[in-house]
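Enquirer: The following block contains the structure, expressed as structure tokens.
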């Protein structure tokens, strides 16, 4: 079968055939990077030197670049092979440098002459290696030198020199640019360190750094950039030796004494340097002891030039390796004894906040292997002290791993206790990039932020440290010139002025009523007479106003009473009216009005056993008031109707069907997905309040953030994976996902009942068939029905004498009043009128129940239109465990056969890969638990889960935040041992909004 070669290869084959006289069927060529490979074969192996002679003469007269396409980079070297047809390996191979063809020809001619004279010698011209030429700084030679390594990877290389002028008035200098082209996108970590090692090995002079540009052939934009620090190894050693680094000083002294055949060993005790000089090579023990004068003449100038920081003196010894006593000893005072600036150690300087000292100590901690640092440039540290935060950037040819550097840096900075530093922010990036690949933050003390923190934009090189500025594309900083004290003073003055104005207005009003007088005003009249007259006037006016109000209300009730239903009923809304439980922007109001069927008078001391959230009150409910977001209208009826009319088949999990219906309705109304999506199990459903999170983010500088809670009872990692990747379309996903849950959702050893129910549903099958799952457009306009009457359990209590008198007076006045008997109708009417004039809370009268029970399962599904389940029940262990069994961790089915490997881990990895591919930030929040719940067994599983999550936190676009033991004793924040109530959800939402490490979206 005949193979058709590309045009460029056909032209090269014909050229080689014409030059060597070998038939085109015996010539094969291949281009790899900057190398051209030519294979010559025949029934007899072609003669090596004759073939090379013909080929070299043709190369002298031909520019190979004219035989290749315009996209192909220049050819630097040619490999010529010769073999017999049918054999696998060539018999000979010869490399030809195209920039030294004359020398190759001379070598070939001498080889031909030697063959003709039957001489067995290999005389020839000296071929200079590309490495030797590259050390001279020639860019073409550098490219040829690098291509020797990169061409085997299919990467071609070009080198250029471009002048570079920095922004800080530094003189113009040259920068070396290395352009790498390939037909694929090589990983930066694959090429970074090899290129850095080879470039630094050349010890180039005149270049501060080099920039490596990788580009896929045919594309206009580079794939990635890499900066290589070309600072010579000697300069790096002197820099560290200046700070008193023992290894660096030893390296410098060894280089000086190696010519004298003297080996050096160094140790540091307190502030004295001990230097031991021994023979460099003495296997038989006969070598003489190093001469004292010669050693001192070499060592003393070096130490004085270095002037190591914090080292006051040096003691120099001369001895053999096995001797216990030195043959000679000498003492030397170093510059630190006469210059006070050199006396403090680097650690003492770092404790005072000296930035160069902190940079040195951090680089020394992060580069324990000195050889590796000199070979590749190592991990560099950039520092920025801004306000009360210390920003630390670590970069290297390969981006340092977060777990490799973050904990070391934070531990070291904590130990320093730098004054004025209240927090640490650590960043990691690949050398040459401006944007960090990851960030990590720790607050050393509690900090209050008036505005969101902006991630600093670090300069590409440490030389231009002044270029550390805040990115212009970051969120705006409002009035950065104002300090916290100035803002507090301003607020205090405004509050003081408001209080003074209000007090003056109230005082003026009270004085006009003539009931009050100023304390310093003299009473010209008898105060008793004056007070009696005023009391009679105001009492008469009050009685008349009361009678008139009672008469007016009686007339109104008499007119409206026929229109009121006699039994509990639901008033339907017009067909075209949208269904809503709130007076929102896009939905109209529809209220179900209930009237009482009983004319009995409730005792005055009777109170409803239902609270505002329609959950039964108990006598263990705390009396202290906790902060929480206002209760919103329930969306249960709407969700049921939307799910029933949806074209998507059921998932066998009612809550998933209803939450999905509410989410689809939100998408249909807004046209775009929410900015933040909260997912997880019931711990997310009850534990993150979307309304409060949006409100708290607005105070942090993120206004108009739309949040939806997609929590599902019993949701595991498999359920979340199925929801994100198969139920919701990519266009329906937000910019950031908050996964609020805990270790139970990742237990691969327990039975996943929720996911099994979903997997057996028709909706599951249709989701994998990628069938369209659009919601009915008319779902958002369906009417809602409020069903289920709640009955009030009567609690009989003893009536005190004061209450008895109060009841009798009430009954006496009620017989004279025209509106008292219809007070329930008056209350309902007033509530309805207030609702029309802007009250955003739906008021529904509660009917009394005779059985005294409530449907708790129905109430627990009463989510609002943001998908959030607000519970007001507060966890009281003494009462809770009277109704529920206390289950220890080793008998808890949620922790049965606890393991973090298996199907849940697989699903989690799928979620990580999916969010990374969609460029969605994924934040996992380990939700709070009570101390009652965290027994020793569960605590051990939680610690194992913590380690698991910290390992996963190295993934890009994934952030792990741990709140599991935030409030272990605050039972008022929980509805049961492991679930938050709405008060706890309020606190968690505020905590997340103030978290500086979560990249909240900016509109």
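Numbering (the numbering used here), first residue to last: 3 to 1005.
Backbone N, C-alpha and C fix where the C-beta goes; we use that ideal spot for every residue, glycine too.
1) Could you tell me whether the Cβ atoms of residue 690 and residue 987 are closer together than 8 Å?
2) Do residue 84 and residue 48 have their C-beta atoms within less than 8 Å of each other?
3) Please determine, among 194, 215, 210, 188, the residue with the shortest C-alpha to C-alpha distance to residue 179.
4) Report, in whole angstroms, the separation of the C-beta atoms of residue 256 and residue 321, which I expect to be a contact under 8 Å.
5) Could you tell me if residue 547 is buried or exposed, where buried requires 16 or more neighbouring beta carbons within 10 angstroms of its beta carbon?
6) For the alpha helix (DSSP H) containing residue 1090, list its first residue and its last residue.
7) Among residues of its own chain, excluding the 5 on either side of residue 723, which ones have a beta-carbon nearer than 6 Å to its beta-carbon?
8) Would you give the residue range spanned by the beta strand (DSSP E) that residue 1 belongs to?
9) Whole angstroms are fine: how far does the CA of residue 949 sit from the CA of residue 898?
10) At the level of alpha carbons, what is the spacing between residue 411 and residue 651?
11) Can you name, in chain order, every residue of its own chain whose Cβ lies under 8 Å from the Cβ of residue 762, other than the five neighbours on each side?
12) Is the beta carbon of residue 378 less than 8 Å from the beta carbon of residue 198?
13) Please state the DSSP three-state secondary structure of residue 160.
14) State yes or no: is the beta carbon of residue 267 nearer than 8 Å to at least one beta carbon in chain E?
15) Do you know offhand how far residue 139's Cα is from residue 193's?
16) Quick check on the DSSP output: the beta strand (DSSP E) that includes residue 434 runs from which residue to which?
17) Taking residue 264 as part of the alpha helix (DSSP H), name the residues at either end of that continuous run.
18) Note the first and the last residue of the continuous alpha helix (DSSP H) segment covering residue 68.
19) From what residue to what residue does the beta strand (DSSP E) around residue 281 run?
20) Count the other CB atoms within 10 Å of the CB of residue 991; is the residue buried (16 or more) or exposed (fewer)?
21) Who are residue 183's beta bridge partners in DSSP?
22) Under a three-way DSSP split, which group does residue 566 fall into?
23) With 16 other CB atoms within 10 Å as the buried threshold, where does residue 277 fall?
24) Are the CB atoms of residue 715 and residue 686 nearer to each other than 8 Å?
25) What first and last residue would you give for the alpha helix (DSSP H) that runs through residue 864?
26) Where does residue 735 sit, in a helix, a strand or coil, going by DSSP?
27) In whole angstroms, give me the CA-to-CA distance for residue 421 and residue 968.
28) Decide if the region 920-931 is in contact with the region 959-973; the criterion is three or more beta carbon pairs, one per stretch, under 8 Å apart.
29) Counting along the chain, where does the alpha helix (DSSP H) carrying residue 1007 start and finish?
30) What are the start and end residues of the beta strand (DSSP E) that includes residue 332?
31) Using the three-state DSSP reduction, which class does residue 500 fall into: helix, strand or coil?
32) Expressed to the nearest angstrom, what Euclidean distance is found between the alpha-carbon atoms of residue 798 and residue 870?
33) Note down the Cα distance separating residue 1011 from residue 392, rounded to an integer number of angstroms.
34) Please go through the same chain and pick out, in chain order, the residues whose beta-carbon is closer than 7 Å to the beta-carbon of residue 916, but skip the five residues on each side of it.
35) Rounding to the nearest angstrom, what Cα-Cα distance links residue 513 and residue 506 in this structure?
36) Beta-carbon within less than 6 Å of residue 269's beta-carbon, same chain only, minus the 5 sequence neighbours each way: which residues are those?
Expert: Considering the structure as presented:
1) yes
2) yes
3) 215
4) Not confirmed; about 17 Å, so no contact.
5) exposed
6) In this structure the chain extends from 3 to 1005, so residue 1090 is not present and cannot be described.
7) 909, 912, 913
8) Examination of residue 1 is not possible in this model, given that the chain is present from 3 through 1005 alone.
9) 19 Å
10) 53 Å
11) 654
12) yes
13) strand
14) No chain E appears in this structure, which consists of one protein chain only.
15) 21 Å
16) Note, residue 434: premise wrong, no beta strand (DSSP E); not H, not E.
17) No alpha helix (DSSP H) contains residue 264, which is instead part of the beta strand (DSSP E) from 264-271.
18) Counting along the chain, residue 68 falls outside any alpha helix (DSSP H), and DSSP gives it neither H nor E.
19) 274-281
20) buried
21) 158, 217
22) Low confidence applies here, because residue 566 scores a pLDDT of 37, under 50, leaving its location unreliable; read the following figure in that light. In this structure, residue 566 counts as coil in the three-state DSSP scheme.
23) buried
24) no
25) Element bounds for residue 864: n/a, residue is neither H nor E.
26) coil
27) 28 Å
28) yes
29) Nothing about residue 1007 can be read from this structure; the chain reaches only from 3 to 1005.
30) 330-335
31) helix
32) Here residue 798 scores only 38 on pLDDT, less than 50, and its place in the model should not be relied on; the value that follows carries that caveat. Looking at the two C-alpha atoms, the distance is approximately 36 Å.
33) Past the boundaries of the shown model lies residue 1011; the chain is included only from 3 to 1005, so the question cannot be answered.
34) 726, 727
35) 11 Å
36) 276
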